[in-house]
Structures are given as C-alpha cells and as structure tokens.
Amino acid sequence: MVVCDGLADRPLREGGLTPLERAETPQMDRIAEEGICGLMDPIAPGITPGSDTAHLSLLGYDPFQTYSGRGPFEAAGAGLPLRKGDVAFRVNFATVDENLLLRDRRAGRLRDGRELEELLRGIRVEGAEILFRSTSSHRAVLVLRGKGLSHQVSSNDPHTTGVRVEGVRPLSAAGRKTARILNEFLRKAREVLEEAPLNRRRREQGLPPANYLLVRGGGTVPSLEPLESRFSLRGACVAAAALVRGVCRLAGMEVAEVPTSTTGVDTDLEAEVAEVERRLEESDLVLYSIKGFDEVSHDGDARRKIEFIERFDGYLPRLREMADFLVLTADHSTPVEVREHTADPVPVVIAGPGVRTDEVRRFGERSCARGGLGRIRGTELLPILVDLMGRSRKFGA
Ligand SMILES: [Zn+2]
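The sequence shown lines up with residues 7 to 403 when you count with the numbering used here.
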C-alpha cells in the first residue's frame, strides 16, 4: 500500500491542471490501466484529515472512535512502550524569563534535548508514572501512566511570546487529577531545567535556555485491535514520518527504521523502496508512506511537487513487481495553492490479479472519478483489498 502524503491537489490557476495531472507519470498511468480506480474520502466527505487520522483510517480504524489527540501517535513513533489508557502529549522545550513570560517557544531551536531528557526522567510525581523522551531538536514527548488519568486538560502553550505561561487546566471533571499531576511535573521540570549544565552553557553562550516545557496534543492511548487479528495480515510499515510510524506501531505492525539523513523531496527513495522489498519477505502487507509530496505542497511549490511526482513515478515498476497487489493513493489532499490539507477526495487504484479493471487510463484526481471503485471512504479500503486478496471472512452463511 503506497501512500503518497499530500499528493492530491486542486487545479492550478495556471493551466487548470493539478500537479498530478500535469506531471508525466507513465508508470502511475500503467497501474491505473491495470487496476480498478476510484476516489476516496480519507475520513469522510468534508472532513479535512490530518496525516495521523488519515493513516488510522487507511488501516481500517475509525478515527472518530480511536483518536483523541496527536500525543499518543507521536509517543509511539518515538518508540515509547505505550499501554491502553496512558495519556500522551507532544512537548516543546521553551524559554521563559523569571516571571514565566514566554521568550521562545522552541528554546532557540534547541538542537538536541537528550541531555535534558536524562535529568527529566528522574522526576517523580505522586499518582502517575512518567515517561519522557526527547525526539528531534526542541521536540519531545511525555506520557503519564496511572489510574484515573484523562486527556481532558488544556495545553499550556500560549503560542505567542511575551505572554505568561499558565498551568494546564482541566477541561472537565475527568481531567482534574491529570491537570494536578501535570502541573506538578511542569513545576519540578522547571527547577531541574534551570539548574541543568546544558542550560548553564547556553546562557554563557548567549543562547536562550531550554528552561520550560510546553505541552499540547494530549490524547489517550487507544486500544487498536492489531491488523493480524482483524484481517489475519502481518503488517509492516516503511515511513519517514514519525507520526505515521506511531500509528502503524499502535496497529501492531512492524516498523522499519528508515534513513532520515535526507528528508522531503530529497528523501533517499532508493533506500526506502529497498526496505519495502525486505519487509515484504516477512509481511502480507507493507504500508509505504512517502512524505515529500506534502512538504512541497505546504511550501506552495507546484514545480517541485511535479518534479517529485515524476521522480517517484520511476520507482513504481519495482514496487509493482514486489507484490501481487499494489494500492496507490494519498492520505489527503494538500493543494499547493492552499498550502494546507483540504477535504478533497484523493485518487486511489488497486492493481492485482482478478480486479475488475475499468476505463481509467490515467492516474489523477479527475480521471479516477470515473473508475470502478466509485467513491469510497478510507476505512473501506483495507477490507476491499483484503477481499481481493482472497482473505476476507464471509459475513453470514
Ligand atoms: Zn499527510
């Protein structure tokens, strides 16, 4: 299952074609010809997906039932061992002054928080076990584990500098205990961070100290029935985005380590495709999620989007060779002229033995609308694929 992050688009003002329609994509077109095509609402019509909720949906989980915030998927992507009911947050190392006025939301884009992670892991708070991991640059994840916890707490991120950072507040009665624990942790964390050798060095160098933690994206870790028991599929995932790796890990899939020295449109596609091939030896389904399309779309760069589509197109014959079935789709639309995700449906094709081919000869947002799959939802994709693979269970006698 090849998921091109943010591939789908809208017609460009100049020329009236989408980047995908404008790009030369002989290989995608061959797959469209060989397969059954359609349009897919990653979540539902009119619902703008995030990459996390969209990937949940593509793996057959209803995001409205399973998603309460981004934190758990970030934490799982960072490799923290999670349990159902844990409450997880995204964290920024930030800079505050002595009056708790926010000076820098990213602590001067702190490069590496691992030294601080060590110190923060020593903090104990009554009522919950705390897991903390620094992820990349100024980012980290925080997990609270214990009885009676809830994600029903506010963020403490004021989003603008010069404003006093207040504690988190419960958003309902269920969040009271969590807010108390989190505020105590944040207070202790500040004490630890103020004294940290790394921050002493940063002050000496005239850099903003990473002396406060901003938490947001709180969510409760859902219990996702693993793909293996739902569909009898052994799943693996090759994805450069930690958030997508987190979704796959919580779905019980094997998660490959992919090279992160190059990212976005400079991604080492060669290495990723080789990893997909390796993973297919031991898996029934490999989800391969490619980030570059989305990044250039958020930058509003149609030319680079078209170039990346054309470069990726060259890898499709190899991907097609590797497995009996190939699904090619996107997790959502990110139109370059909007620079944000939109709810527009995405094109989808399933190629493989026995599929009822249709008249579609080009892989594109509008051409696929005439395909035999019609218009489906993200949660329906995997059941359709599993059935084509001959692995569905009969409903009824
Ligand atoms: Zn995405």
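Positions of the beta carbon are idealized from the N, C-alpha and C atoms, including for glycine.
Bear in mind the structure is a predicted one, so any value in this text is a computation, not a measurement.
The beta carbon of residue 229 sits no closer than 7 Å to any heavy atom of ligand 1.
Three or more Cβ pairs drawn from the stretch 344-356 and the stretch 53-63 lie within less than 8 Å of each other, which places the two stretches in contact.
Judged by DSSP secondary structure, residue 298 falls within the alpha helix (DSSP H) whose first and last residues are 298-304. Beta-bridge annotation (DSSP): residue 339 is paired with 13 and 348.
If you keep only unbroken beta strand (DSSP E) runs of at least 3 residues inside the stretch 54-79, you get nothing at all.
At a cut-off of 7 Å, the beta-carbon of residue 15 does not count as near ligand 1: no heavy atom of the ligand is closer than that. The beta carbons of residue 218 and residue 100 sit about 5 Å from each other, so the pair counts as a contact at 8 Å. Residue 158 counts as buried, since no fewer than 16 other beta carbons sit within 10 angstroms of its beta carbon.
Between residue 94 and residue 18, the gap from beta carbon to beta carbon reaches 8 Å or more. Taking C-beta separations shorter than 7 Å and ignoring five residues to either side along the sequence, the partners of residue 190 in its chain run 131, following chain order.
In the three-state reduction of the DSSP assignment, residue 320 falls in the coil class, being assigned neither a helical nor a strand state.
Going by C-alpha positions, residue 47 is about 20 Å away from residue 394. According to DSSP, residue pairing for residue 98 in a beta bridge involves 145 and 220.
The C-beta distance from residue 13 to residue 26 rounds to 6 Å, short enough to meet the 8 Å contact threshold. Following the DSSP letters along the chain, one finds residue 50 in no beta strand (DSSP E), marked with neither H nor E. Under the rule that a run must span 3 or more residues, the beta strand (DSSP E) segments found entirely inside the stretch 214-290 read 218-226 and 241-245. Remark: C-beta atoms of residue 244 and residue 288 do not approach each other more closely than 8 Å. Bounds of the alpha helix (DSSP H) holding residue 384 are 384-394. Taking C-beta atoms under 8 Å as the contact rule, residue 79 and residue 264 fail to qualify, at a distance of about 17 Å. Closest in alpha carbon position to residue 300, among 361, 7 and 271, is 271.
With a cutoff of 7 Å, residue 304 does not count as near ligand 1, since its C-beta is closer than that to no heavy atom of the ligand.
Inter-residue distance for residue 66 and residue 231 is about 10 Å (C-alpha atoms, whole angstroms). The residue from 183, 392 and 74 with its alpha-carbon nearest to that of residue 241 is 392.
With contact defined as three or more Cβ pairs closer than 8 Å, the stretch 208-223 and the stretch 84-98 are in contact. No heavy atom of ligand 1 is found nearer than 7 Å to the CB of residue 47. Inter-segment contact for the stretch 158-169 and the stretch 115-131 is absent: fewer than three beta-carbon pairs are separated by less than 8 Å. Going by beta carbons, residue 369 and residue 136 fall outside the 8 Å limit.
Residue 269 sits away from residue 311, with the two beta carbons spaced by 8 Å or more. The alpha-carbon of residue 40 is positioned some 21 Å away from that of residue 397.
In this structure residue 183 is buried. Its beta-carbon is surrounded by 16 or more other beta-carbon atoms within 10 angstroms.
Distance from the C-beta of residue 339 to the nearest heavy atom of ligand 1 is not below 7 Å. By the C-beta density criterion, residue 212 is exposed, having fewer than 16 other C-beta atoms within 10 angstroms.
By the neighbour-count criterion, in which a residue is buried when 16 or more other Cβ atoms sit within 10 angstroms of its Cβ, residue 365 is exposed. Going by C-alpha positions, residue 141 is about 25 Å away from residue 133. In summary, residue 233 is buried, with 16 or more beta-carbon neighbours lying within 10 Å of its beta-carbon over all protein chains present. Taking C-beta atoms under 8 Å as the contact rule, residue 249 and residue 75 fail to qualify, at a distance of about 12 Å.
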